[in-house]
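Protein chains in written order, with this note's numbering: chain A, 47 to 392; chain B, 47 to 392; chain C, 47 to 392; chain D, 47 to 392.
4 protein chains.
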Amino acid sequence: MIRVGIVGASGYTGVELARILSTHPEVEITVATSRQYAGKPLSEVFPSLRDRVQVVCENLQPDELKDRADFFFTAVPHKTAMDIVPPLLAAGKKVVDLSADFRIRDVAVYEQWYQAHSSPELVRQAVYGLPELYRDQICKADLVANPGCYPTSVILGLAPLVRNHLIDPGTLIIDSKSGTTGAGRSASVATLYCEVADGFRPYKVGGSHRHIPEMEQELSALSGNQVTISFTPHLLPVNRGILSTMYARLEKPMTTQALQELYETTYGDEYFVRVCPQPALPATQHVRGSNCCDLAVSLDERTGRVIVMAAIDNIVKGASGQAVQNMNLMLGLAENTGLEGAPFFP
Amino acid sequence: MIRVGIVGASGYTGVELARILSTHPEVEITVATSRQYAGKPLSEVFPSLRDRVQVVCENLQPDELKDRADFFFTAVPHKTAMDIVPPLLAAGKKVVDLSADFRIRDVAVYEQWYQAHSSPELVRQAVYGLPELYRDQICKADLVANPGCYPTSVILGLAPLVRNHLIDPGTLIIDSKSGTTGAGRSASVATLYCEVADGFRPYKVGGSHRHIPEMEQELSALSGNQVTISFTPHLLPVNRGILSTMYARLEKPMTTQALQELYETTYGDEYFVRVCPQPALPATQHVRGSNCCDLAVSLDERTGRVIVMAAIDNIVKGASGQAVQNMNLMLGLAENTGLEGAPFFP
Amino acid sequence: MIRVGIVGASGYTGVELARILSTHPEVEITVATSRQYAGKPLSEVFPSLRDRVQVVCENLQPDELKDRADFFFTAVPHKTAMDIVPPLLAAGKKVVDLSADFRIRDVAVYEQWYQAHSSPELVRQAVYGLPELYRDQICKADLVANPGCYPTSVILGLAPLVRNHLIDPGTLIIDSKSGTTGAGRSASVATLYCEVADGFRPYKVGGSHRHIPEMEQELSALSGNQVTISFTPHLLPVNRGILSTMYARLEKPMTTQALQELYETTYGDEYFVRVCPQPALPATQHVRGSNCCDLAVSLDERTGRVIVMAAIDNIVKGASGQAVQNMNLMLGLAENTGLEGAPFFP
Amino acid sequence: MIRVGIVGASGYTGVELARILSTHPEVEITVATSRQYAGKPLSEVFPSLRDRVQVVCENLQPDELKDRADFFFTAVPHKTAMDIVPPLLAAGKKVVDLSADFRIRDVAVYEQWYQAHSSPELVRQAVYGLPELYRDQICKADLVANPGCYPTSVILGLAPLVRNHLIDPGTLIIDSKSGTTGAGRSASVATLYCEVADGFRPYKVGGSHRHIPEMEQELSALSGNQVTISFTPHLLPVNRGILSTMYARLEKPMTTQALQELYETTYGDEYFVRVCPQPALPATQHVRGSNCCDLAVSLDERTGRVIVMAAIDNIVKGASGQAVQNMNLMLGLAENTGLEGAPFFP
């Protein structure tokens with residue numbers, strides 16, 4: 047059994063990592079850290095894990111941490127991650143970092159959207175952890191930057207169109223909706239049950255969400271040219287799920303059938319990407335609790351636009367599940383080990 | 047007291063009409079029809095109305111109906127409405143029709159999206175019941191076509207930009223999300239609690255929703271030119287609420303402040319349209335149960351796009367509340383009579 | 047217009063008071079206090095109130111407060127209330143206190159369940175604000191202790207049986223379920239959306255909830271003997287609503303019809319208590335947003351038990367609506383002024 | 047691989063069986079029946095199963111069915127089941143029946159609560175499929191009657207007290223709350239999203255729910271005497287989950303510690319029953335998606351009552367998960383095969 051550590055276990059990505067890893071046949075969780083809950087069993091913080099996960103939360107410095115596992119997930123906020131990851135790598139460990147700290151290849155862009163970066167040299171070494179695009183590099187990586195939740199849905203959704211230059215990237219509009227786990231587990235009035243339930247609202251409108259540079263980086267890489275997008279996130283009254291609705295003008299007319307074939311060809315061999323047969327459409331409830339990304343592509347013949355819809359579970363394919371998928375690749379395991387479960391519906 | 051009738055009282059717009067009218071100081075409900083629940087008190091169909099609404103459901107033909115009230119709301123499906131409205135008008139009654147049957151001025155367009163129209167001459171006579179645009183005509187009308195829920199949010203949201211030619215209408219993309227009351231009260235698997243709860247999905251993607259010609263009609267009238275839009279509706283796991291997020295490219299650069307002033311000037315005197323001060327954003331939970339339409343306008347300087355967000359309660363301002371607002375105007379009452387209540391939060 | 051003040055306006059009972067009072071024809075809100083939001087319009091704290099409520103939050107001491115209104119609602123936590131109420135009364139103002147501080151007539155009992163009481167003399171002067179039981183005293187009172195949410199549902203539900211000695215009070219079991227507004231608006235992990243949604247749980251099991259002495263006080267007064275109850279509260283994933291299910295053994299056999307008549311007779315003249323006709327049952331969604339208490343009584347012939355069910359909106363009849371009902375009585379207004387609205391469904 | 051068939055695959059227990067079995071290492075689904083969806087892939091009925099479950103729905107008679115699998119789950123309504131099960135057994139197949147048809151050992155009682163029974167001889171042969179009580183018999187059974195959802199929570203919760211004669215069974219009151227999957231997947235107005243969401247209500251009050259004879263049968267067997275209970279079910283606005291709160295008077299005083307030890311001793315070796323450490327309490331969100339039953343026991347010293355709380359996922363431990371647990375025992379597999387997953391939270 048490979049020994050695995052979860053750094054920052056008391057958030058929603060932490061409990062989801064623990065849930066997934068608890069039935070993973072090749073690894074065992076040997077250490078979990080949490081400043082706030084140090085000394086408590088993780089299953090006391092999250093009673094869902096009772097009798098299934100035995101690890102006790104500890105408050106450890108990287109020095110104390112590094113010998114406790116062979117592989118680490120860092121599920122801490124950005125800025126905190128960039129201080130924890132380097133000593134783990136220096137000790138010869140492999141790391142999947144779930145924060146934003148190693149996702150942006152251009153440090154200047156990172157610093158413009160976040161803050162100063164203390165380990166720019168590691169940024170170059172990190173691989174962007176979207177297996178459907180970077181599988182080969184991930185297999186050889188020591189440090190994988192696990193993608194953001196919104197970017198996972200958007201990049202998987204647009205890759206076939208952008209890579210093949212089928213749309214005008216200047217017309218790209220992305221309207222995304224996320225479940226509330228995406229807002230984290232900190233006490234705050236804005237995410238109280240009564241503020242969110244039976245409601246719906248946009249936030250960070252007008253090009254200000256920090257996932258924008260990440261999406262533009264990957265779309266630009268796929269396109270070969272700089273891509274600038276309009277992106278608007280919204281908060282859904284659901285626990286889990288992201289649905290992104292994406293609009294662009296086709297460079298030249300295409301049929302629905304040609305679009306459908308493009309998507310089926312692109313993702314035919316992917317275990318976790320499921321292309322909806324026409325005229326089915328994705329729904330967050332159909333990927334709930336799974337590592338699946340469901341995609342559909344539609345043509346608006348009246349306006350010459352293509353509409354792509356992508357649904358994921360934001361804390362599985364959008365975070366912890368994709369992190370385990372990356373771990374599997376980095377450890378030479380079958381990519382779907384521990385992630386075979388079908389979605390929960392209802 | 048003016049005698050008011052509700053034709054088709056057993057749907058969600060029916061119960062909402064009854065709720066609003068039950069405390070309206072100038073009218074009384076004298077008749078309510080329902081084929082399915084004929085003989086039952088409406089308050090047995092909807093126990094929320096117990097001791098507040100006394101009317102008993104009846105199954106009546108227009109002939110029997112017409113003398114039972116002075117003013118009628120027809121809250122029946124399209125196609126049914128076009129057969130009921132003419133005899134009521136012929137009997138000298140005033141009518142607000144909540145169906146789509148009298149909204150589309152061009153009968154050919156109506157017939158293309160719906161089916162054959164049996165009263166094309168009445169279409170010309172009907173006034174589109176968006177008081178913020180057509181107040182004067184509504185005051186004089188005998189037949190008002192109450193707008194669709196999505197169109198109400200979209201037209202109010204875009205009117206200031208389109209009327210002043212500030213955006214390129216060819217770039218208009220409208221991404222709307224609606225609560226489940228919008229799907230009606232018929233038994234169906236697709237709208238069961240377990241199919242909708244904790245989930246989110248698009249539907250009628252690719253330019254096929256029947257509210258499109260209605261929105262294009264009104265935006266074209268505002269613009270002076272034919273406007274064609276991309277419109278995608280989604281189903282929210284909430285009872286009440288629509289939020290529309292609308293994107294377009296500015297014809298020439300504007301500041302956020304100029305945009306904000308445009309909206310505040312346009313709607314400054316409107317009781318039911320509330321422009322959010324910068325940087326506040328609308329939320330469906332902040333209009334819940336009220337006839338308010340909350341608007342915000344944002345600038346995406348990175349892409350030169352303007353983003354407009356509109357939130358309404360789909361069965362109040364999107365249906366029954368707006369119908370009462372229209373009735374007030376048609377009867378010469380203060381426009382907000384019976385509609386003064388602030389939204390319910392939480 | 048009578049000038050009214052809300053002390054502690056930034057909680058969920060505060061916003062609900064403001065919503066109800068905003069359309070009350072006889073009063074105007076002239077002052078609202080909030081330490082946290084001092085200087086902000088209340089409608090900025092709660093955008094639902096935008097353009098409907100003009101008052102700005104202030105951080106005021108009782109001294110500064112007392113001349114700003116003629117009538118006060120104190121919607122602050124227990125212990126805080128007992129310091130604010132006395133100076134307001136001393137200044138000749140009338141007060142409805144929404145905290146627990148003046149509900150328990152026996153100060154020793156209060157101090158056992160809460161903490162030391164600084165104004166025991168006022169406790170004797172206060173009237174328990176359940177109008178259906180204490181209407182005459184409330185009309186003459188200067189200080190009304192507004193009942194707790196659970197007790198309102200339970201006392202109204204059991205009064206007919208207990209007062210007439212029809213049940214064995216030693217067998218009383220009360221299983222109550224409350225919406226999450228009951229937990230208040232403080233930032234806390236336990237009431238985050240993701241902790242509550244799609245879930246259900248009991249809390250304060252085993253006779254520890256502080257509403258127990260309040261219920262036992264009133265049931266004992268009705269019975270003429272000391273009543274001790276088993277009470278278990280649960281947290282519902284809804285915004286508003288309490289449903290209490292109450293069980294007791296009948297002292298001697300009764301028919302369903304006799305029970306039904308008892309309830310209809312008891313509450314026949316009450317505007318806010320609605321007895322469901324057999325075999326209808328109450329539901330929180332049928333009282334949502336209203337000051338109604340819906341009751342049903344059932345017989346379990348197999349066990350000789352009676353089952354009473356009571357549904358209220360916990361922040362209306364369980365808090366702010368009942369507070370306004372009390373205010374109306376104290377000011378000599380019609381009891382239902384400003385509270386005539388039918389419930390919101392759906 | 048053992049070939050498994052699902053008879054009645056298009057309900058919520060059907061999709062949950064398919065989800066669980068899709069990753070079960072020892073079985074494969076070889077046939078699934080549905081009259082309504084015959085000819086459609088099950089993954090088209092439930093897109094959550096896309097690419098994970100390949101079976102196509104068929105409309106088959108028992109004759110055609112019997113050779114298509116070695117083991118059958120019958121997930122059809124009561125009365126239908128009693129006609130399908132006998133030919134499968136006659137063909138030498140093993141069956142777990144999820145309906146009520148073989149749960150009640152006394153056919154007269156069955157016929158009083160349901161309708162005439164066509165296979166009374168099989169009732170004697172069937173084993174009640176609660177493994178924690180009947181493990182040995184299940185291992186040898188050909189026909190297992192899978193328990194009802196409410197009874198599973200109630201019997202597991204009360205067994206330690208009843209079997210040891212620690213409570214007065216005449217004082218037993220059971221207040222249960224169920225998620226909406228329990229109401230099935232038929233189109234109906236009462237279970238539409240808008241009728242259930244943001245609401246809560248009791249149903250079948252007064253000793254009329256059909257799970258009562260099943261609970262009384264098992265509690266009586268544990269007690270050695272006839273037990274009669276008061277049972278009230280309620281409908282929760284959640285997809286999955288039952289929480290039962292159970293009250294009884296202790297025969298003689300016990301300490302909390304003694305009660306806790308009783309439960310921990312009783313269930314210490316059970317993989318799926320988790321006794322909450324004092325003072326933790328169960329919550330449906332902590333068992334969601336798993337085969338766990340979480341229990342807590344509390345003492346109300348003021349009244350001498352014990353309160354037991356049990357939480358399960360109604361379509362896993364309350365239906366399909368328990369059915370697979372039974373299958374594992376009947377096939378000689380490890381009891382938790384395919385059921386090791388920790389609950390989903392949030």
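Think of the CB as a built atom: it goes at the ideal place given N, C-alpha and C, for glycine as much as any other residue.
Express the C-alpha separation of residue j and residue i in angstroms, rounding to a whole number.
{"i": "L179(C)", "j": "A243(D)", "result": "33 Å"}
{"i": "I130(A)", "j": "P193(A)", "result": "18 Å"}
{"i": "Y317(D)", "j": "Y249(C)", "result": "25 Å"}
{"i": "P325(C)", "j": "G314(C)", "result": "18 Å"}
{"i": "R334(D)", "j": "P392(D)", "result": "9 Å"}
{"i": "P132(D)", "j": "Q183(D)", "result": "19 Å"}
{"i": "A304(A)", "j": "L207(A)", "result": "11 Å"}
{"i": "E260(B)", "j": "Q272(B)", "result": "12 Å"}
{"i": "D201(C)", "j": "E262(C)", "result": "Sequence check: residue 201(C) is Ile here, not Asp. Their backbone Cα atoms lie some 9 Å apart in a straight line."}
{"i": "S336(A)", "j": "M300(C)", "result": "55 Å"}
{"i": "T198(C)", "j": "S266(C)", "result": "15 Å"}
{"i": "T69(C)", "j": "F118(C)", "result": "17 Å"}
{"i": "E307(D)", "j": "S344(D)", "result": "12 Å"}
Between the options, which lies nearest to residue i when the distance is taken from Cα to Cα?
{"i": "Y156(B)", "options": "V200(B), V142(B) and H124(B)", "result": "H124(B)"}
{"i": "A162(C)", "options": "M128(C), G203(C), G85(C) and T301(C)", "result": "M128(C)"}
{"i": "T311(B)", "options": "L341(B), S234(B), T291(B) and P325(B)", "result": "L341(B)"}
{"i": "G245(A)", "options": "D147(B), V141(B), P328(B) and L308(B)", "result": "P328(B)"}
{"i": "G270(D)", "options": "C240(D), H211(D), R256(D) and Q303(D)", "result": "H211(D)"}
{"i": "I52(C)", "options": "D97(C), Q107(C), R149(C) and S94(C)", "result": "Q107(C)"}
{"i": "G60(C)", "options": "S145(C), K139(C), G85(C) and C185(C)", "result": "S145(C)"}
{"i": "L379(A)", "options": "E72(A), I66(A) and R114(A)", "result": "E72(A)"}
{"i": "P215(B)", "options": "A115(B), L296(B) and A136(B)", "result": "L296(B)"}
{"i": "E110(A)", "options": "A388(A), T126(A), S94(A) and L134(A)", "result": "L134(A)"}
{"i": "C339(B)", "options": "Q306(B), E347(B), P323(B) and K363(B)", "result": "K363(B)"}
In its own chain, which residues sit with a C-beta less than 6 Å from the C-beta of residue i, not counting the 5 before and 5 after it?
{"i": "Y293(B)", "result": "I219, R351 and I353"}
{"i": "K86(D)", "result": "C103"}
{"i": "V77(D)", "result": "G51, R114 and A115"}
Please work out which residues of its chain come closer than 8 Å, Cβ to Cβ, to residue i, disregarding the five sequence neighbours upstream and downstream, and give them in chain order.
{"i": "T226(A)", "result": "T237, V242, L281, L282, P283, V284 and N285"}
{"i": "V224(D)", "result": "With the sequence shown as reference, residue 224(D) is identified as Ser, and Val is not the correct amino acid for it. Answer for S224(D): C195, Y196, P279, H280, L281, L282, G287, I288 and N360, listed in chain order."}
{"i": "S276(C)", "result": "L218, I219, I220 and G253"}
{"i": "S89(A)", "result": "L95, R96, D97, R98, V99 and Q100"}
Take residue i and list the residues in its own chain whose beta-carbon comes closer than 7 Å to its own, dropping the five residues that flank it on each side.
{"i": "G230(B)", "result": "G57 and Y58"}
{"i": "S366(A)", "result": "T59, E62, L63 and I66"}
Could you run through the stretch 228 to 258 of chain C and flag, in chain order, every residue whose CB is less than 7 Å away from some CB of chain A?
-> R231, A233, S234, V235, T237, L238, Y239, C240, V242, A243 and D244
Within 7 Å of chain A by C-beta, residues of the stretch 302 to 335 of chain C in sequence order = none
Name the residues in the stretch 268 to 292 of chain A whose C-beta lies less than 8 Å from a C-beta of chain C; which are they?
-> P283, V284 and N285
Curious, which full-length alpha helix (DSSP H) runs of at least 4 residues does the stretch 197 to 254 of chain C contain?
-> 239 to 242
Start-end ranges of the beta strand (DSSP E) lying completely within the stretch 127 to 166 of chain C, minimum 3 residues | 140 to 143
Proximal residues, the stretch 336 to 348 of chain A versus chain B, C-beta separation under 9 Å = A342, S344, L345, D346, E347 and R348
Residues of the stretch 349 to 361 of chain A with Cβ closer than 8 Å to any Cβ of chain B, in chain order = T349, R351, I353, M355 and A357
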